[in-house]
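Colleague:
Numbering (the working numbering), first residue to last: 327 to 595.
1. What number of angstroms, rounded off, separates the C-alpha of residue 447 from the C-alpha of residue 411?
2. Return the residue from the list 360, 362, 387 that minimises the CA-CA distance to residue 329.
3. Return no unless some Cβ of chain C is closer than 8 Å to the Cβ of residue 341.
4. Looking at the unbroken alpha helix (DSSP H) that takes in residue 522, where does it start and where does it end?
5. Report the CB separation of residue 355 from residue 392 in whole angstroms; it is logged as a contact under 8 Å.
6. Measuring only the C-alpha atoms, how far is residue 555 from residue 564?
7. Flag this pair as yes or no: are the beta carbons of residue 443 and residue 399 separated by less than 8 Å?
8. Any chance you could list the beta strand (DSSP E) runs of at least 3 consecutive residues sitting entirely within the stretch 512-593, in chain order?
9. Once you ignore the five residues that flank residue 518 on each side, which residues in its own chain have a CB closer than 6 Å to its CB?
10. Hey, how far is the Cα of residue 451 from the Cα of residue 457?
11. Nearest to residue 417 by CA position, among 366, 473, 344, is which residue?
12. Here's the rule: buried if 16 or more other CB atoms are within 10 angstroms of the residue's CB, otherwise exposed. What is residue 549?
13. Rounded to the nearest angstrom, what separates residue 389 and residue 350 at their Cα positions?
14. Specify the secondary structure class of residue 346 as computed by DSSP and reduced to three states.
15. Just verifying my parser: in three-state terms, what is the DSSP assignment at residue 420?
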């Protein structure tokens, strides 16, 4: 089933492919009554749409909140959390959750942070590959205020992005920071106002979508490995992925296109 057909069966996720750019899917989280709080339905539907993306010719995903929701993701659904006991939460935490599904997706995912990304929303953007925020967005891990802690990867991914000190500050205080501070500490990569926000998101998306799909997948895997392996093991992994690309038609097409001064027509598309 296509990405758009899969999304059409969802109540909390919208998706379009090729509307702005060829080979680009824009996935919108749309639960406006709860500012996109991550309930079980939204998480499951997002995973379904990502499954469809992997089976398509999409090369880049832009993940964002629907404009009517007023947020990227305002957090987890607190009502669901209140009703669970320890055994139920342990079951709900079985992997792969939506965070791992985003992190492990072979296709690059850009978080278009068009509003607040709090709690589970902050963890969701951490699982994305690139984060571009609107200047009005607030970002943070306020779980500590509820007597709990981040449980969607925030205690692990956040220190890798911003360092242990900043991660401790945000997680232990529950403080929310603005987009500019998030950029200063490395939690987001770019911050823009209304005039440049979408152009910045889709200019970068276009630059990525023009590249070889298989090279994008391998490059993403290799970069992800940098924070998960030692240096020597990471270099060995990079070298192996690099060598494997020499068995692809994309490598020959890319080099031929370079010599012939033309745009490549990737065989793996």
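Idealized CB from N, CA, C, for every residue including glycine.
Just so you know, these numbers come straight off a predicted model, no measurement behind them.
Modeller: Based on what the coordinates show:
1. Walking along the chain shown from the start, residue 447 turns up at place 121. Walking along the chain shown from the start, residue 411 turns up at place 85. Using only the alpha carbons, I get a separation of about 22 Å.
2. Residue 329 sits at position 3 when you count from the first residue of the chain shown. Checking every option, the nearest Cα to that of residue 329 belongs to 387.
3. Structure shown: chain C not included; a single protein chain is present.
4. Residue mapping note: residue 522 aligns to position 196 of the chain shown, counting from 1. That residue, residue 522, is in no alpha helix (DSSP H); it is neither H nor E in DSSP.
5. What you label residue 355 is simply residue 29 of the chain shown in a count that begins at 1. What you label residue 392 is simply residue 66 of the chain shown in a count that begins at 1. About 6 Å; that satisfies the 8 Å criterion.
6. Along the chain shown, read from residue 1 onward, the residue named residue 555 stands at position 229. Along the chain shown, read from residue 1 onward, the residue named residue 564 stands at position 238. Rounded to whole angstroms, residue 555 to residue 564 spans 11 Å at the Cα level.
7. For the purposes of this step, residue 443 is taken as the residue at position 117 of the chain shown. For the purposes of this step, residue 399 is taken as the residue at position 73 of the chain shown. In this structure, residue 399 lies closer than 8 Å to residue 443 by Cβ.
8. 516-518
9. In the chain shown, counting from the first residue as 1, residue 518 sits at position 192. So the qualifying residues of the chain are 526.
10. As a position in the chain shown, residue 451 is number 125, starting the count at 1. As a position in the chain shown, residue 457 is number 131, starting the count at 1. Rounded to whole angstroms, residue 451 to residue 457 spans 7 Å at the Cα level.
11. Your numbering for residue 417 matches position 91 in the chain shown. Closest option to residue 417, Cα to Cα, is 366.
12. Numbered from 1 along the chain shown, position 223 holds the residue referred to as residue 549. Label assigned to residue 549: exposed.
13. For this step, residue 389 is matched to residue 63 along the chain shown. For this step, residue 350 is matched to residue 24 along the chain shown. Computed Cα separation, rounded: 11 Å.
14. For the purposes of this step, residue 346 is identified with residue 20 of the chain shown, where counting begins at 1. Coil.
15. The residue given as residue 420 occupies position 94 in the chain shown. Reduced to three states, the DSSP call for residue 420 is coil.
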